[in-house]
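Here the structure comes first, spelled out in structure tokens, and everything after it is commentary.
In my numbering, the protein residues as written are 2 to 102.
Laid out in structure tokens, this is it:
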């Protein structure tokens, strides 16, 4: 698992209209640590949420940087793709805007 990858998340409770995909946002150094059971991940939306902090990531949809959670690694069951370098630069800019960094 690496930052920028898109993974399928197996939820405990399925929510209608919510994508099972997560864009991994955690730093690779934290991901490499086996003592951290979770990672930071952004939810995807099928349609543009019309937000400055939502970024289109390939065919996966819009990564919404307002909807960040900490899924358990054990529930991230399948790597389905990866964001491009350009998309991750846009993600980084959106994260800076979201958290005023």
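Beta carbons are placed, not taken as given, at the ideal position from N, Cα and C, and that holds for glycine.
query = In the DSSP assignment, what residue or residues form a beta bridge with residue 42?
reply = 25, 70
query = Considering only residues of the same chain and omitting the five flanking positions on each side of residue 29, which have a CB-CB separation below 8 angstroms?
reply = 3, 4
request  = Tell whether a beta-carbon distance below 7 angstroms holds between residue 24 and residue 43.
outcome  = yes
key: Cross-strand partners of residue 77 (DSSP beta bridge)   = 10
task = Could you name the residues that DSSP lists as bridge partners for residue 55?
result = 65
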